Amino acid sequence: MGYSYDYLVAALRCPVTGKVTPADYTTGMTTYLPAEPAMAELGVGDRLEIDPARANAGDYNGYLLVNPVVPGAPVRICQTWECPYCAVFIHWAEIRVEDGTIAAIETVPIDRETLARVNLISVDVVSVVADLTGEPIETLPGTDLVGRLRALLQAR
Numbered sequence: 308m309g310y311s312y313d314y315l316v317a318a319l320r321c322p323v324t325g326k327v328t329p330a331d332y333t334t335g336m337t338t339y340l341p342a343e344p345a346m347a348e349l350g351v352g353d354r355l356e357i358d359p360a361r362a363n364a365g366d367y368n369g370y371l372l373v374n375p376v377v378p379g380a381p382v383r384i385c386q387t388w389e390c391p392y393c394a395v396f397i398h399w400a401e402i403r404v405e406d407g408t409i410a411a412i413e414t415v416p417i418d419r420e421t422l423a424r425v426n427l428i429s430v431d432v433v434s435v436v437a438d439l440t441g442e443p444i445e446t447l448p449g450t451d452l453v454g455r456l457r458a459l460l461q462a463r
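End of the sequence shown = 463 in our numbering, gap-free, step of one.
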């Protein structure tokens, strides 16, 4: 049976409650990055191949290019997750992939520093742009979400 996603898993500290989540699927951190998803739980030490040419072409479903992926350099991905304790969606995690292996998964804020270092960001960023602009979320797809987010964060 073919699946469309895997889970990224880590013990993440909730920025709202301070509680640490279990390192499992309960954070809802789904990813479409693996070539052959199997609803697997992928954590630090697991393989996650990112093709730089494909990433730079914007060819990963569910992700937007923020900064070019450089072959041989770590790839940083900004991904949404939900706290199973407070049920707040959206929190963000940064996944660092080195040499095709997940090296770290950590809670991060969406700020200028995070945006300056990540290569890919979940399309869920549309919710952040909608919150910051007050625009209806349905009017935002098709716009330059990354460019708009950069401008909004610079103005803060």
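Idealized CB from N, CA, C, for every residue including glycine.
All values derive from a computational prediction rather than experimental measurement.
Measuring alpha carbon to alpha carbon, tell me which residue in the options is nearest residue i.
i, options, result
"residue 456", "379, 443, 418 and 329", "418"
"residue 355", "366, 459, 381 and 448", "381"
"residue 324", "341, 405 and 394", "394"
"residue 309", "343, 337 and 318", "343"
"residue 440", "329, 349 and 458", "458"
"residue 389", "331, 365, 336 and 438", "336"
"residue 350", "437, 412, 460 and 454", "412"
"residue 392", "313, 314 and 319", "319"
Beta strand (DSSP E) containing residue i: first to last residue?
i, result
"residue 414", "408 to 415"
"residue 400", "398 to 405"
"residue 438", "From DSSP, residue 438 is part of no beta strand (DSSP E) but of the alpha helix (DSSP H) over 432 to 440."
"residue 371", "370 to 372"
"residue 315", "313 to 315"
Taking the C-alpha atoms as reference points, what is the distance between residue i and residue j?
i, j, result
"residue 378", "residue 409", "16 Å"
"residue 384", "residue 428", "6 Å"
"residue 334", "residue 316", "8 Å"
"residue 452", "residue 443", "13 Å"
"residue 445", "residue 433", "9 Å"
"residue 422", "residue 363", "16 Å"
"residue 327", "residue 347", "21 Å"
"residue 340", "residue 463", "31 Å"
Closer than 7 Å by C-beta to residue i: which residues in its own chain qualify, once you throw out the five before and the five after it? Chain order, please.
i, result
"residue 374", "425 and 426"
"residue 361", "367"
"residue 431", "387 and 397"
Name the two residues that bound the continuous alpha helix (DSSP H) containing residue i.
i, result
"residue 420", "419 to 424"
"residue 382", "Not the alpha helix (DSSP H): residue 382 falls in the beta strand (DSSP E), residues 382 to 388."
Report the three-state DSSP secondary structure of residue i (helix, strand or coil).
i, result
"residue 324", "coil"
"residue 348", "strand"
"residue 459", "helix"
"residue 444", "helix"
"residue 338", "strand"
Between residue i and the ligand HEM, is the CB less than 8 Å from at least one heavy atom?
i, result
"residue 445", "For the structure depicted, the ligand HEM is absent and the ligand set is empty, with no information on it obtainable."
Kindly list the residues whose CB is nearer than 6 Å to the CB of residue i, restricted to its own chain and excluding five residues on each side of it in sequence; keep chain order.
i, result
"residue 404", "355, 357 and 382"
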